[in-house]
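Q:
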Amino acid sequence: MPQAATTHDAGLATTMRISITRLARRLRVERLGLGDTEMALSDIQLAALAALDRHEAMSPGELAEHEKVQPPSMTRVIAVLEERNLVQRAPHPTDRRQVILTVTADGRALVNRVRRRREAWLAQRLQELSEEELAALAAAAPILEKLSQS
544 MPQAATTHDA GLATTMRISI TRLARRLRVE RLGLGDTEMA LSDIQLAALA ALDRHEAMSP
604 GELAEHEKVQ PPSMTRVIAV LEERNLVQRA PHPTDRRQVI LTVTADGRAL VNRVRRRREA
664 WLAQRLQELS EEELAALAAA APILEKLSQS
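With the first letter of the sequence shown counted as 1, position 75 gets the number 618 in the working numbering; the numbers rise by one all the way through.
Put into structure tokens, the structure is as follows:
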């Protein structure tokens with residue numbers, strides 16, 4: 544790879560890292576002020592709850608793999624979510640050694656409140672952009688999703 548391309552890629556990586564980190568931090572801040580339950584949950588706890596909401600039901604191992612954390616860490620996350628009645632365990636339908644996790648009504652309501660608040664903030668910011676900037680973001684969204692999954 545030519546030196547100019549490598550330098551450009553490194554510069555792009557730095558710029559994207561800074562921008563994405565700032566945007567993620569700003570979106571996390573948007574849940575502050577929602578209420579005690581949202582404030583008491585860590586980012587990984589909220590992410591795990593949202594993943595369960597999106598996927599309907601998952602085993603603890605599937606959830607750990609999805610969130611890219613070690614199973615013992617996810618076990619601690621699940622314990623907190625269960626303690627707060629945000630998720631519940633049920634026997635696995637085909638494997639008696641496993642359980643399936645689902646979101647409770649309270650958990651689903653919490654996830655929806657957080658999503659609405661964050662999306663409202665982001666929608667406001669998007670209104671400040673030009674048509675060209677919106678088109679560029681629309682084109683970049685699948686690429687950012689691909690990067691986030693790798």
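Using N, Cα and C, we set each Cβ at its ideal position, and we do this for glycine too.
1) Since residue 646 and residue 629 should fall inside the 8 Å C-beta cutoff, what is the C-beta to C-beta distance between them, to a whole number of angstroms?
2) Measuring straight from C-alpha to C-alpha, what distance separates residue 619 and residue 675?
3) Tell me whether residue 631 sits in a helix, a strand or coil according to DSSP, three-state version.
4) Can you give me the C-alpha to C-alpha distance between residue 566 and residue 627, rounded to a whole angstrom?
5) Quick one: does the C-beta of residue 679 sit closer than 7 Å to a heavy atom of the ligand GDP?
6) What residue does the alpha helix (DSSP H) around residue 618 start on, and which one ends it?
7) Under 8 Å, do residue 607 and residue 617 count as touching if we go by C-beta distance?
8) For residue 686, does the count of other Cβ atoms within 10 angstroms reach 16, so buried, or fall short, so exposed?
A: Short version:
1) 7 Å
2) 45 Å
3) strand
4) 29 Å
5) For the ligand GDP, the structure offers nothing, since it holds no ligand at all.
6) 614-626
7) yes
8) exposed
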